[in-house]
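Numbering (this note's numbering), first residue to last: 2 to 284.
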Amino acid sequence: VREKHIGDRIDLCSIVNAKSGACSEDCKFCAQSSHYSTDVSTFSLKDSHAIIEEAKIAKKNGAKRFGIVTSGNKLTKEEIRQIAKAVRSILEDVGLIPCASLGALDEESFQALKDAGLARYHHNVETSQNYYSQIVSTHDYSERINTVKLAKKMGFEVCSGGIIGIGESWQDRIDMALLLKELDVDSVPINFLVPIKGTPLGNLKSIDPESAIRTVAIFRLILEEKSIKVAAGRESVLKDHQHMIFKAGANSMMIGGYLTVRGRSVEEDLALISEVKRTWKKK
Numbered sequence: 002v003r004e005k006h007i008g009d010r011i012d013l014c015s016i017v018n019a020k021s022g023a024c025s026e027d028c029k030f031c032a033q034s035s036h037y038s039t040d041v042s043t044f045s046l047k048d049s050h051a052i053i054e055e056a057k058i059a060k061k062n063g064a065k066r067f068g069i070v071t072s073g074n075k076l077t078k079e080e081i082r083q084i085a086k087a088v089r090s091i092l093e094d095v096g097l098i099p100c101a102s103l104g105a106l107d108e109e110s111f112q113a114l115k116d117a118g119l120a121r122y123h124h125n126v127e128t129s130q131n132y133y134s135q136i137v138s139t140h141d142y143s144e145r146i147n148t149v150k151l152a153k154k155m156g157f158e159v160c161s162g163g164i165i166g167i168g169e170s171w172q173d174r175i176d177m178a179l180l181l182k183e184l185d186v187d188s189v190p191i192n193f194l195v196p197i198k199g200t201p202l203g204n205l206k207s208i209d210p211e212s213a214i215r216t217v218a219i220f221r222l223i224l225e226e227k228s229i230k231v232a233a234g235r236e237s238v239l240k241d242h243q244h245m246i247f248k249a250g251a252n253s254m255m256i257g258g259y260l261t262v263r264g265r266s267v268e269e270d271l272a273l274i275s276e277v278k279r280t281w282k283k284k
């Protein structure tokens with residue numbers, strides 16, 4: 002299915018944690034929630050120069066897209082203005098495709114980012130509608146869906162996926178994939194829970210590698226032509242079996258680390274990608 006709809010393309014992206022911690026939401030998996038006591042760093046929005054320097058590193062590492070990610074569910078107009086400035090420079094001066102994950106934005110904020118050149122907006126649905134209330138209580142699932150729909154309406158590509166291994170059932174995983182297909186999102190990031198000490202899910206056991214690989218395969222079969230990106234948790238869950246995500250249908254990977262969790266070295270990830278591509282070409 003991947004060969005038919007995607008071919009042998011592997012996309013790499015990288016993100017910057019541009020604003021960290023002190024989030025008012027109570028997502029049970031998240032180290033940045035102010036509801037829990039974790040060791041996460043807390044800082045206000047980085048200035049555009051710092052964000053742009055991170056983008057330059059991402060380009061050097063081989064990323065095609067660069068995402069600006071902030072904590073919290075709402076941003077101020079001034080913060081949107083600063084991010085728009087960074088977006089314009091990432092596109093024009095650095096030469097990467099700019100993406101952003103900034104919470105539940107309104108139409109005015111989306112328009113400002115679009116005018117600056119933002120190409121893709123990221124907003125995870127996290128899990129199925131049925132299970133969401135077990136994970137978050139400070140906002141409703143409909144807000145997630147409405148934000149995705151508004152981003153699509155405003156003309157953005159949309160990146161939306163979720164976290165696997167937060168106590169959900171196999172049916173929840175399937176339901177999430179079916180919803181993302183219905184929403185017609187462009188890219189689907191699959192994260193695997195990294196239990197964070199101090200959060201309600203901090204003692205949850207990680208899923209096994211086989212379940213992770215089967216999940217990727219199910220998402221590929223349901224979402225067919227969409228980009229399937231494997232992100233946080235792949236290192237700790239899959240360990241030496243990370244190449245299997247591509248055999249299972251993934252065609253994209255996040256490199257350079259995540260928001261509050263370190264990833265593998267960029268060199269290791271690039272070596273993996275090179276080996277996967279070499280294997281594909283032998284067919």
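In this text, a Cβ means the ideal position worked out from N, Cα and C, and glycines have one as well.
(1) Taking the alpha-carbon positions, what's the L46 to S207 distance?
(2) Can you have a look at N252 and say buried or exposed, based on whether 16 or more other CB atoms are within 10 angstroms of its CB?
(3) Leaving out five residues on either side along the sequence, give the residues of the same chain with a beta carbon under 6 Å from the beta carbon of L76.
(4) Let me make sure I understand the geometry here. Which of K78, E79, A85 and N74 has the alpha-carbon closest to that of G68?
(5) Can you tell me which of A249, W281 and K240 puts its alpha carbon nearest to the alpha carbon of E269?
(6) Take L114 as the anchor and find which of S266, N125, Q130 and K78 has the nearest alpha-carbon.
(7) Could you tell me how far apart the beta carbons of S38 and E26 are, in whole angstroms, since I believe they sit closer than 8 Å?
(8) Go to I11, then tell me how far its beta strand (DSSP E) extends in each direction, as first and last residue.
(9) Are the stretch 171 to 186 and the stretch 125 to 142 touching, with three or more C-beta to C-beta distances below 8 Å?
(10) Going by C-alpha distance, which of V159, K29 and H242 is nearest E211?
(11) Starting from M155, trace the alpha helix (DSSP H) both ways and give me its first and last residue.
(12) Find out if the Cβ-Cβ distance for the pair A105, H124 is shorter than 9 Å.
(13) Let me know if E169 comes out buried or exposed under the rule of 16 or more other beta-carbons within 10 Å of its beta-carbon.
(14) CB-CB under 8 Å to Q83, same chain, minus the five flanking residues each way: which ones, in chain order?
(15) Beta-carbon within less than 7 Å of R3's beta-carbon, same chain only, minus the 5 sequence neighbours each way: which residues are those?
(16) Quick one: grab the DSSP three-state call for N18.
(17) Which residues bound the alpha helix (DSSP H) around H50?
(18) Please state whether DSSP places P201 in a helix, a strand or coil.
(19) Determine the extent of the beta strand (DSSP E) in which A101 is found, giving its start and end residues.
(20) Quick check on the burial criterion: 16 or more other C-beta atoms within 10 angstroms. Buried or exposed for N204?
(21) Give the DSSP bridge partners of I84, in chain order.
(22) List the residues that DSSP assigns as beta-bridge partners of P190.
(23) When you compare the CB positions of A117 and R145, do they come within less than 9 Å of one another, or not?
(24) With F30 and I167 assumed to form a contact (beta carbons below 8 Å), what rounded beta-carbon distance in angstroms separates them?
(25) Using the three-state DSSP reduction, which class does S129 fall into: helix, strand or coil?
(26) Since F157 contacts R121 with CB under 8 Å, what's their CB separation in whole angstroms?
(27) Go to T216, then tell me how far its alpha helix (DSSP H) extends in each direction, as first and last residue.
(28) Following the continuous beta strand (DSSP E) through T77, name the residue where it begins and the one where it ends.
(29) Starting from T71, trace the beta strand (DSSP E) both ways and give me its first and last residue.
So, from the listed chains and residues:
(1) 32 Å
(2) buried
(3) L103
(4) A85
(5) K240
(6) K78
(7) About 16 Å separates the two Cβ atoms, so there is no contact after all.
(8) Counting along the chain, I11 falls outside any beta strand (DSSP E), and DSSP gives it neither H nor E.
(9) yes
(10) H242
(11) No alpha helix (DSSP H) holds M155; DSSP gives it neither H nor E.
(12) yes
(13) buried
(14) L46, D48 and S49
(15) R221, G250 and N252
(16) strand
(17) S49 to K61
(18) coil
(19) I98 to S102
(20) exposed
(21) None; I84 has no bridge partner.
(22) K230
(23) no
(24) 5 Å
(25) coil
(26) 6 Å
(27) P210 to L224
(28) Segment: none, T77 is in no beta strand (DSSP E) and carries neither H nor E.
(29) R66 to T71
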